[in-house]
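Participant: FYI, in our numbering the residues of the sequence shown are 166 to 650.
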Amino acid sequence: MDFNIFKKNTAGDKVDQNKSPLSKYPGSMSKSVPKSNPRNIYSLFTNEFAELDLNRIKFYIEASRKGLNFWKSLFFEYIRREDLQLGGVCQTRKLAVIGKLRGAMNNGGVEGLIQGGDNLTRSYLVSCFENINLPNFLSDIVESQIQGVTIFEKNFGVSNGRIVLESINVIPNHLVMYHDIEDEYYILDIRENDSFFLRTLSSNSLSDRINLEPIVKVHLDKRKLFEVHSFDGNSQNGFQNGCVDSLIIAYYFKRFGISDWATFLELYATPPRVGKYDPLAATPEDIKALETGVRDFASNSWAVISKNTDLEFPTAQGKRESSDIYKDYITFFNESIAIRVLGQTLTTNVGDTGSYAAANIHNTVREDILNSDIMLIEESLNRLSRELIDMNFSGVSEYPLIRFPETRGLADKKTLSEILSNLRSSGYTPDIEVLRDEFGFRLEKEVMNNAAMAAKGLPTGESGSSSGDGGVRDKSIDELLKSLI
166 MDFNIFKKNT AGDKVDQNKS PLSKYPGSMS KSVPKSNPRN IYSLFTNEFA ELDLNRIKFY
226 IEASRKGLNF WKSLFFEYIR REDLQLGGVC QTRKLAVIGK LRGAMNNGGV EGLIQGGDNL
286 TRSYLVSCFE NINLPNFLSD IVESQIQGVT IFEKNFGVSN GRIVLESINV IPNHLVMYHD
346 IEDEYYILDI RENDSFFLRT LSSNSLSDRI NLEPIVKVHL DKRKLFEVHS FDGNSQNGFQ
406 NGCVDSLIIA YYFKRFGISD WATFLELYAT PPRVGKYDPL AATPEDIKAL ETGVRDFASN
466 SWAVISKNTD LEFPTAQGKR ESSDIYKDYI TFFNESIAIR VLGQTLTTNV GDTGSYAAAN
526 IHNTVREDIL NSDIMLIEES LNRLSRELID MNFSGVSEYP LIRFPETRGL ADKKTLSEIL
586 SNLRSSGYTP DIEVLRDEFG FRLEKEVMNN AAMAAKGLPT GESGSSSGDG GVRDKSIDEL
646 LKSLI
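In structure tokens, the structure reads:
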């Protein structure tokens, strides 16, 4: 079955509502990407990743640059599970858009996100997006901002004579390969390849690319694949964009700092102990008891020694300052990781010296990054929508657009309320509908006579500054916000 018959018909400008594409989709569209665990990779997690060195990291990044993302992707998934800070900031970046989605969905569900187009194409898109796990899909789109590129597999079904999207799943990045000459991404067949073969193939460090021809690939209909690329970076190879490389290098140095700190604490966290005895008065039994006490005092916190012997704990000068060096070293990389992923450090960790103003500044930076994630999601959803519509309708002149409603943070609403309050004092009354749109909650009006308004210092109809509502005024925006906080 040729899908080209469902492409856009440039000769017409109306949607053919009577055309029923097919009762089942072609067999080429039913093949899926196998996602079983790769063979012979157990040693990666038990030995190679656990006993990391700089040469291995260089190999992972170089192999990815040459088109084979297998090791770098697996290693990044390993460290984001192991490192609390790295995993936390990546999770925060991905989940931030879910809050935006929840707010948008409260205003009419999926249909509330779709603008323009005719009723037929709009209802078709609603049915497609209601089939899939939309929060998962959106968070995986944001993952491309971190990893550089994310490729999805679309799974189709047929409903009411039209091809519908039943699910859209992310393809693990360690299965994705890039051919720089053809500028195309391929999917590695994990059932037919293993780690030993891939390492042998990429062992030539002098070559500027890896020969991908011997690698068994999954041959899929291109219409089943959906690519999303990061805004961060402009490399032709998507694996070099995003922030994975910098996060891996930061993790490497931070990991050795933690190891050195643990060694330091093991050696110096327990106070040193010195046993003294009188060589003339102490018996061999006294000396032996003293040796045992000095040795075991760190774990037992008690000792039985002769009164002729003494146990002292000399103070180690500068020991705390030495420990703080390691702490500052690790804090530097933690903050650098947060800045690279979130664009800020204070929003999630203000610390003892943080301030509201500083937190607001960093919040604004993060809001810019969140807006870029929303823009990427909107662009991806609109591109996917066009692909789905072109499969099913001909003669589409106006495609529906997906837009997330712009929302303001609480600090922005507070600032706006102060501006409106000042305008109100000057005699200007904002439109109630505009206020509802700006603040996102229901506003009511309060009936006041001129005397009550004058008592509150508000302009009255007698002064000539009335809004013409007969003593009716909007509730103070500050009062409304205070009732919510």
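Don't be surprised by glycine CBs; every beta carbon is placed ideally from N, CA and C.
Bear in mind the structure is a predicted one, so any value in this text is a computation, not a measurement.
On the criterion of 16 or more Cβ atoms from any shown chain inside 10 Å, does Val307 qualify as buried, or is it exposed?
Facilitator: buried
Participant: Is Cys408 close to chain C? Criterion is C-beta to C-beta, closer than 9 Å.
Facilitator: No chain C appears in this structure, which consists of one protein chain only.
Participant: For Thr365, name the three-state secondary structure that DSSP assigns.
Facilitator: helix
Participant: Just confirm the distance between the C-beta atoms of Glu532 and Phe569, as a whole number of angstroms; I'd bet it's less than 8 Å.
Facilitator: Between Glu532 and Phe569 the beta-carbon gap is near 14 Å, outside 8 Å, which marks them as no contact.
Participant: Pick out whichever of Leu585, Ser590, Ser591 and Gly592 has its Cα sitting closest to the Cα of Val599.
Facilitator: Leu585
Participant: Can you give the Cα-Cα distance for Asn587 and Tyr417, rounded to whole angstroms?
Facilitator: 54 Å
Participant: What's the gap between the Cα of Leu251 and the Cα of Lys579?
Facilitator: 33 Å
Participant: How would you label Ser651, buried or exposed, when you count the other beta carbons within 10 angstroms and need 16 or more for buried?
Facilitator: Absent from the structure is residue 651, since the part of the chain shown begins at 166 and ends at 650.
Participant: Measuring only the C-alpha atoms, how far is Ser411 from Asn376?
Facilitator: 26 Å
Participant: In the stretch 192–274, which residue ranges form an unbroken alpha helix (DSSP H) of at least 4 residues, counting only runs that do not cross its ends?
Facilitator: 219–230, 235–247 and 249–270
Participant: Rounded to a whole number of angstroms, what is the C-alpha to C-alpha distance between Gly560 and His344?
Facilitator: If you take the alpha carbons of Gly560 and His344, they lie about 35 Å apart.
Participant: In chain order, what residues of the same chain lie with their CB nearer than 6 Å to the CB of Glu655, ignoring the 5 residues before and after it?
Facilitator: What is shown of the chain runs 166 to 650, which leaves residue 655 out entirely.
Participant: Looking at the structure shown, is Val381 part of a helix, part of a strand, or coil, going by DSSP?
Facilitator: Three-state DSSP puts Val381 in coil, outside helix and strand.
Participant: Find out if the Cβ-Cβ distance for the pair Ser395, Lys231 is shorter than 9 Å.
Facilitator: no
Participant: Assign Met342 to buried or exposed, taking buried as 16 or more other Cβ atoms, counted over all protein chains shown, within 10 Å of its Cβ.
Facilitator: buried
Participant: With which residues is Gly322 paired in a DSSP beta bridge?
Facilitator: DSSP lists Val329 as the beta-bridge partner residues of Gly322.
Participant: List the residues that DSSP assigns as beta-bridge partners of Tyr343.
Facilitator: Tyr350
Participant: Starting from Tyr433, trace the alpha helix (DSSP H) in both directions and tell me its first and last residue.
Facilitator: Its alpha helix (DSSP H) spans residues Val409 to Tyr433.
Participant: How far does the beta strand (DSSP E) with Phe391 in it extend, from its first residue to its last?
Facilitator: In this chain, the beta strand (DSSP E) harbouring Phe391 covers Leu390 to His394.
Participant: Buried or exposed for Asn271, going by 16 or more other Cβ atoms inside 10 Å?
Facilitator: Exposed.
Participant: How close, in whole Å, do the beta carbons of Gln310 and Leu566 come, if the pair is a contact with beta carbons under 8 Å?
Facilitator: That belief does not hold up - the Cβ atoms of Gln310 and Leu566 are roughly 22 Å apart, past 8 Å.
Participant: Looking at C-alpha atoms only, which residue of Met556, Glu450 and Leu507 is the closest neighbour of Asp538?
Facilitator: The alpha carbon of Asp538 has as its nearest neighbour, out of Met556, Glu450 and Leu507, the alpha carbon of Leu507.
Participant: Strictly by DSSP, which residues pair up with Ile504?
Facilitator: Looking at the DSSP output, Ile504 shares a beta bridge with no other residue.
Participant: Which residue comes first and which comes last in the beta strand (DSSP E) that contains Val439?
Facilitator: Val439 to Tyr442
Participant: For a test of the three-state rule: what should DSSP assign to Asn376, helix, strand or coil?
Facilitator: coil
Participant: Mapping DSSP to helix, strand and coil, what is Gln310?
Facilitator: helix
Participant: DSSP three-state label for Gln405, please.
Facilitator: In the structure shown, the three-state DSSP call for Gln405 is helix.
Participant: Would you say the stretch 545–556 touches the stretch 256–266, given that touching needs at least three Cβ pairs under 8 Å?
Facilitator: no
Participant: With Ala415 and Ile495 assumed to form a contact (beta carbons below 8 Å), what rounded beta-carbon distance in angstroms separates them?
Facilitator: Going by Cβ atoms, the distance from Ala415 to Ile495 rounds to 11 Å, so no, they are not a contact pair.
Participant: When the Cα of Leu430 is compared with those of Phe361, Ser324 and Lys492, which residue comes out closest?
Facilitator: Lys492
Participant: When you compare only the Cα positions, how much space is there between Ser631 and Leu581?
Facilitator: Model confidence at Ser631 stands at a pLDDT of 43, short of 50, so the residue's coordinates are unreliable and nothing is read from them.
Participant: Taking 9 Å as the threshold (C-beta atoms), are Leu385 and Leu233 in contact?
Facilitator: It is not a contact, given that the beta carbons lie outside the stated cut-off.
Participant: So who's on the other strand from Gln280, going by DSSP bridges?
Facilitator: DSSP output for Gln280 lists Leu566 as bridge partner(s).
Participant: Would Lys237 pass as a contact of Ile380 if the rule is Cβ separation under 9 Å?
Facilitator: Contact flag unset, no.
Participant: Just verifying my parser: in three-state terms, what is the DSSP assignment at Ala176?
Facilitator: At Ala176, the pLDDT of 40 sits below 50, so the modelled position is not reliable and the matter cannot be decided from this model.
Participant: Could you check the C-alpha separation between Thr286 and Ser324 for me, to the nearest Å?
Facilitator: If you draw a straight line from the Cα of Thr286 to the Cα of Ser324, it comes to about 14 Å.
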